[in-house]
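See structure below.
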Amino acid sequence: MLQRHDTVEKQAKLAPSPRIDYPLPPLDSGLRQWAVIAALLLACSLVLAWPWVSGRVTIPWDAKAHFQAQVAFLAQAIHSGQSPFWNPYVFSGHPQIADPQAMIFSPPHLILAMLTANPTFQMVDSVTYGSLVFGALGVLGFARDRRWHPAAALVAALAFGFGSSAAWRIQHVGQIMSLIYFPWALWMLERGLRLHSARYGALSGFFAALCVLDPDQVSFLVLITLAAFVIVHWLGGEARWKRVRDTIRPLAAGGIVGIVMIALPMLMVLSFADGSNRAHIDIEDAFLGSLHPTSLITFVVSNIFGTIGPQQDFWGAPSVHWPYMVQTWVSRNMANFYTGILPVIGIATWLTNKQAYSRRMIVLAILFGLMIAYSLGRYTPVFEALYHALPGADLFRRPADSTFLVGALGAILAGFGLNAILQRGEQRLPPLADRTLSLILVVPILIGIGMAIWLGKLGQAMPEIMVALLTISVSFAALAYAVRHARSHPMRVAAALSICLTADLAWNIRPNHSTALPPENYAFMEPDKHNETIDFLKSHVVQNDERRDRIELAGLGFDWPNVSMIHQLENVLGYNPLRVGHYGAAVGARDHVPWWDYRKFSALMPGYRSPLANLLGLRFIASPVPIEKIDPTLAENPMPLVARTKDGYIYENPDTLPRVMVVPQAVPLDQDSLIKSGNWPSTDFTKIAYVEPSALPLPRKSAGGTAKIVSYNNTEIEIEVNAPKGGVLVLNDVWHPWWFATVDGMPAKILRANGIFRAVILPQGAQKVLFHFEPARGMVRRYLLQRGLISANNG
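When the letters of the sequence shown are read in order and numbered with my numbering, they come out as residues 70 to 864.
See the structure below:
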């Protein structure tokens, strides 16, 4: 008997760990029921998204100022037969392929760009909301595997798609795109681990890669969440090493798929970031993106601080209504957690349930709490600890971005909690759950009343508190009905709870100044609409074989800096948190110049009448105020005013230089030192070019020559030169290491010249120079240079 027992024990140790499954509850939810639930989700989603998809309002702020222009540029490039990899219309040239917010790798936006050359506001907004519905369908899939009550699944899906930051921060389209694939990645990962399946593991890697193809802090936190889910799976239960071995196939499959999808795009983004204006965010700058702890009140009272309403009435932190400085810099919609009362009831119930802290699902509860603490930034030790502990955390500037994961994880926890309530039937909740639920709903209201009395805002706050109390009452009434009929009429219950939550979200996160404005406000962004300022610039800008005028839109408004991408005007500024580092330092380009007083100059460009402005070909400056307010040096030496429009003043700089020149002499000069000092040895740029030190022989006394632009496309420029005795071709476009050149078919090194531009040494008798943008080749070249495998003089 002892020998037989030993044999059985050995066989048990050698056997693979069993596939994990979940107990089947008495309620049987078939495929047809889940199809009806999906249809209900689509119907509720249409109700909530209708103001936008109907075209009555449009998503404002970053959705227009940044992302609309990105999609428009992508569509125009595709339909004109050009590459979208380099963007000549902002910051005098921008490596679009390496920009994480360029939408090139966003499948929904890429499909839209391929379908139309003129994506309208309504189209782009519909893609955003359609993408959120896709993410919500992933929540339904996760719920079906858990065998949740369909009503709980539907509430969780609606909370994911239309609650918390998915609604309040809908204008941050890039982060929305990173979020929508998270439920699918989690669903497939859980299946892969539970079933030891390489197929589901590969699908998990596929969806996780889609999150990361728009790399931002949301995708970073999604990866952290998925990794934590795997680790807890390994540690949960017995036979841990067997569990680890059983996950090799799904994790390897997912890793291979994910790496193949993201390797090159991520390398390009990291390479660009390394040479950009923000290779690293220090912790003090990151702390400015913290949420104040009082923001947690909005879990229960949506609009207590005035998130919806006139900006001047907002009295939350930070605002002018506080008696002391709050050291955070976030907009009011970022500081709102509201995701509906039913989800809050579900979350509170689940967090008091013993099952929440058993096996793998404990990780979701822990991560939910960590994401809340992370969003509070400087106000808890969590963010600082993770900032120093997690590789890559210092690439991002706003801990408040974790609210996207707070909403997503909260939706899933709400599903667990509501499912537990509905599966109990009419049995009372445990006393701990009752007390916790009461505290979570009552305490924020009491604190809110106290704060309103303290700041003299009780009159403004009380109507919102009354709305919250009414919403709580209606939600409990709907839940009471659901509990009584959960087993006998599950679809009626699903309809009742979905209607309740839809009404809750439709009012408490209704279209507002942060999420919805009239499309007419943005008529100047539409290619087929007329605007005085845009029309003047388009009709006066010259683009011929020598000259390509650039313009500057200096503080015309929040939505103006990237409009040049839509109207194909080459702009020296733009709106982007990521810029070519040496260009930003040389020109004084900031993330954004929404208002005229945001325009700052630099040592190399101390004003509009400067050698660098002339080299840039900065011909026209549009400003909402007289230009001498921006550049006081022009008070004594004014620039000609050539137009006055309803948007502002347009000035012309008549001293601009050609885009291409052949000069007879090149002098070596450290380019970064030139940018820092702003001291030009000479400004006769038709005779001399200051180039980076190089082992290449430089022309000293050639006769110079002429240059003409034969063709100028986004990623390829052909120039005809006439230089019988050689010289230096200067192309006044931004130097970037991914641009390459040939002279009469032979490779030629592009030298950085005059601080930020491109120069090529011309041999005697040169006739044609071709510039072409090759990101992959640029990445390979950088790798070889770093390892000393090729010379820096190799073109």
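All C-beta atoms in this analysis are idealised placements derived from N, C-alpha and C, irrespective of residue type, glycine included.
For this session: Give me the Cα-Cα distance between L681 and E721, rounded to the nearest whole angstrom.
Result: The count along the sequence shown starts at 1 and reaches residue 681 at position 612. The count along the sequence shown starts at 1 and reaches residue 721 at position 652. So the two alpha carbons sit approximately 15 Å from each other.
Exercise. Any Cβ of chain B within less than 8 Å of the Cβ of H135?
Worked result: Here there is only one protein chain, and chain B is not present.
Problem set entry | Terminal residues of the alpha helix (DSSP H) in which H841 lies | In the sequence shown, the residue the question calls residue 841 occupies position 772. Membership of H841 in any alpha helix (DSSP H) is not indicated; the residue belongs instead to the beta strand (DSSP E) covering 835-842.
For this session: Check each candidate in W664, F231, I744, L455 and name the one with the smallest Cα separation from G824.
Result: Against the sequence shown, residue 824 aligns to sequence position 755. It is I744.
Exercise. Which first and last residues belong to the alpha helix (DSSP H) in which Q240 is found?
Worked result: To locate residue 240, count along the sequence shown from 1; it is residue 171. Counting along the chain, Q240 falls outside any alpha helix (DSSP H), and DSSP gives it neither H nor E.
Exercise. Given A817, which residues of its chain have a CB within under 8 Å of its CB, disregarding the five upstream and five downstream residues?
Worked result: Taking the sequence shown and counting its residues from 1, one reaches residue 817 at position 748. Hits under 8 Å: A810, T811, V829, I830, V838, G864.
Problem set entry | I41: first and last residue of the uninterrupted beta strand (DSSP E) it sits in | Within the shown structure, residues of the chain are numbered from 70 to 864, placing residue 41 beyond reach of any answer.
Exercise. DSSP on N402, reduced to helix/strand/coil?
Worked result: Here residue 402 is taken as the residue at index 333 of the sequence shown, counted from 1. Three-state result, N402: helix.
For this session: Please name the residue in P596, R309, A271 whose C-alpha comes closest to that of G327.
Result: Within the sequence shown, residue 327 is the residue found at index 258, counting from 1. When only C-alpha atoms are compared, the closest one is A271.
Problem set entry | Collapsed DSSP secondary structure at A691 in the structure displayed | Position 622 of the sequence shown, counted from the first residue, corresponds to residue 691. Looking at A691 - three-state DSSP - the assignment turns out to be strand.
Exercise. Would you report the Cα separation of L508 and H390, rounded to the nearest angstrom?
Worked result: On the sequence shown, position 439 is the one that residue 508 refers to. On the sequence shown, position 321 is the one that residue 390 refers to. For L508 and H390, the distance between alpha carbons rounds to 28 Å.
Exercise. Quick one: is P188 buried, meaning 16 or more other Cβ sit within 10 Å of its Cβ, or exposed?
Worked result: Locating residue 188 in the sequence shown gives position 119, where the first residue counts as 1. With a 10 Å radius around the Cβ and a threshold of 16 neighbouring Cβ atoms, P188 comes out buried.
Exercise. Name the DSSP beta bridge partners of M730, please?
Worked result: Along the sequence shown, one-based indexing puts residue 730 at 661. Paired residue(s): V799.
For this session: Closer than 6 Å by C-beta to S195: which residues in its own chain qualify, once you throw out the five before and the five after it? Chain order, please.
Result: Position 126 of the sequence shown, counted from the start, is the residue given in the question as residue 195. Leaving aside the five residues that flank S195 on each side, the residues in its chain whose CB is nearer than 6 Å to its CB run, in chain order, V122.
Problem set entry | Neighbourhood of M246 by C-beta distance below 7 Å, restricted to the same chain and skipping five residues each side | Within the sequence shown, residue 246 is the residue found at index 177, counting from 1. Once the five neighbours on either side are set aside, the close Cβ partners of M246 are S175, S200, D283.
Problem set entry | Distance CB(A691)-CB(L638) smaller than 8 Å | Taking the sequence shown and counting its residues from 1, one reaches residue 691 at position 622. Taking the sequence shown and counting its residues from 1, one reaches residue 638 at position 569. Contact: no.
Exercise. Which two residues bound the contiguous beta strand (DSSP E) that contains I106?
Worked result: Numbered from 1 along the sequence shown, position 37 holds the residue referred to as residue 106. Note, I106: premise wrong, no beta strand (DSSP E); alpha helix (DSSP H) at 100-122.
For this session: Look up T421 in the DSSP assignment and say whether it is helix, strand or coil.
Result: Stepping through the sequence shown from its first residue, residue 421 is reached at position 352. T421 sits in coil when the DSSP states are folded into three classes, being neither helix nor strand.
Exercise. When the Cα atoms are used, what is the spatial distance from D382 to V413?
Worked result: For the purposes of this step, residue 382 is taken as residue 313 along the sequence shown, with counting starting at 1. For the purposes of this step, residue 413 is taken as residue 344 along the sequence shown, with counting starting at 1. Here the alpha carbons of V413 and D382 stand approximately 27 Å from one another.
Exercise. Relative to the C-alpha of R821, which residue among M815, L459, P806 is closest?
Worked result: The sequence position of residue 821 within the sequence shown is 752, counting from 1. Ranking M815, L459, P806 by CA distance to the CA of R821 puts P806 first.
For this session: Quick one: residues in its chain with C-beta nearer than 8 Å to the C-beta of P362, no 5 flanking neighbours on either side, listed in chain order?
Result: Numbered from 1 along the sequence shown, position 293 holds the residue referred to as residue 362. Correct list, in chain order: L445, Y448.
Exercise. What residue does the beta strand (DSSP E) around R821 start on, and which one ends it?
Worked result: Taking the sequence shown and counting its residues from 1, the one referred to as residue 821 is at position 752. For R821, the enclosing beta strand (DSSP E) starts and ends at 820-822.
Problem set entry | Cα-Cα separation between A434 and E843, rounded to whole angstroms | As a first step, residue 434 must be located in the sequence shown, where it is residue number 365. As a first step, residue 843 must be located in the sequence shown, where it is residue number 774. If you draw a straight line from the Cα of A434 to the Cα of E843, it comes to about 46 Å.
Problem set entry | Whole runs of the alpha helix (DSSP H) within the region 160-216, excluding any shorter than 4 residues | Secondary structure within the region 160-216: the alpha helix (DSSP H) runs of 4 or more consecutive residues, fully enclosed, are 176-184, 190-215 (chain order).
Problem set entry | Unbroken beta strand (DSSP E) run spanning W576, endpoints | Residue numbering aside, residue 576 sits at position 507 when the sequence shown is read from its first letter. Judged by DSSP secondary structure, W576 falls outside any beta strand (DSSP E) and instead within the alpha helix (DSSP H) spanning 559-577.
For this session: Pick helix, strand or coil for Y393, following the three-state DSSP scheme.
Result: Sequence index remark: in the sequence shown, residue 393 carries index 324 (1-based). In the structure shown, Y393 sits in coil (DSSP, three-state: anything other than H, G, I, E or B).
Problem set entry | Candidates Y198, S161, I147, of which the one nearest T127 by Cα | Position 58 of the sequence shown, counted from the start, is the residue given in the question as residue 127. Among Y198, S161, I147, the Cα nearest to that of T127 is on Y198.
Exercise. Are N402 and T367 touching if we call contact CB-CB under 8 Å?
Worked result: As a first step, residue 402 is located in the sequence shown; it is residue number 333 there, counting from the start. As a first step, residue 367 is located in the sequence shown; it is residue number 298 there, counting from the start. In this structure, T367 does not lie closer than 8 Å to N402 by Cβ.
For this session: Use the C-beta contact count for Q855: other C-beta atoms within 10 angstroms, 16 or more gives buried, fewer gives exposed.
Result: By 1-based counting over the sequence shown, the position of residue 855 is 786. Burial call: exposed.
Exercise. So, F231 versus L117, is the Cβ gap smaller than 8 Å?
Worked result: By one-based count along the sequence shown, residue 231 stands at place 162. By one-based count along the sequence shown, residue 117 stands at place 48. Judged by their CB atoms, F231 and L117 are nearer to each other than the 8 Å cut-off.
For this session: Take the Cβ of K423 as the centre, count every other Cβ of all protein chains shown within 10 Å, and call the residue buried at 16 or more, exposed below.
Result: Taking the sequence shown and counting its residues from 1, the one referred to as residue 423 is at position 354. Counting every other CB atom within 10 Å of its CB across the protein chains shown gives K423 a total below 16, marking it as exposed.
Exercise. If you follow the alpha helix (DSSP H) that F826 is part of, which residue opens it and which one closes it?
Worked result: Within the sequence shown, the letter at position 757 stands for residue 826. Here F826 belongs to no alpha helix (DSSP H); instead the beta strand (DSSP E) covers 826-831.
Problem set entry | When L710, H135, Q612, E761 are compared against K777, the one with the closest alpha-carbon | Position 708 of the sequence shown, counted from the first residue, corresponds to residue 777. Check the Cα spacing between K777 and each of L710, H135, Q612, E761: the tightest is with Q612.
For this session: Indicate the three-state DSSP secondary structure (helix, strand or coil) for F593 in the structure shown.
Result: As a first step, residue 593 must be located in the sequence shown, where it is residue number 524. DSSP places F593 within a helical segment (H, G or I) once states are collapsed to three.
Problem set entry | Where T408 falls: helix, strand or coil (DSSP) | Position 339 of the sequence shown, counted from the start, is the residue given in the question as residue 408. In the structure shown, the three-state DSSP call for T408 is coil.
Exercise. Could you give the residue range of the beta strand (DSSP E) that holds N791?
Worked result: Here residue 791 corresponds to residue number 722 of the sequence shown, with the count starting at 1. In the DSSP annotation of this structure, the continuous segment of the beta strand (DSSP E) that includes N791 starts and ends at 785-792.
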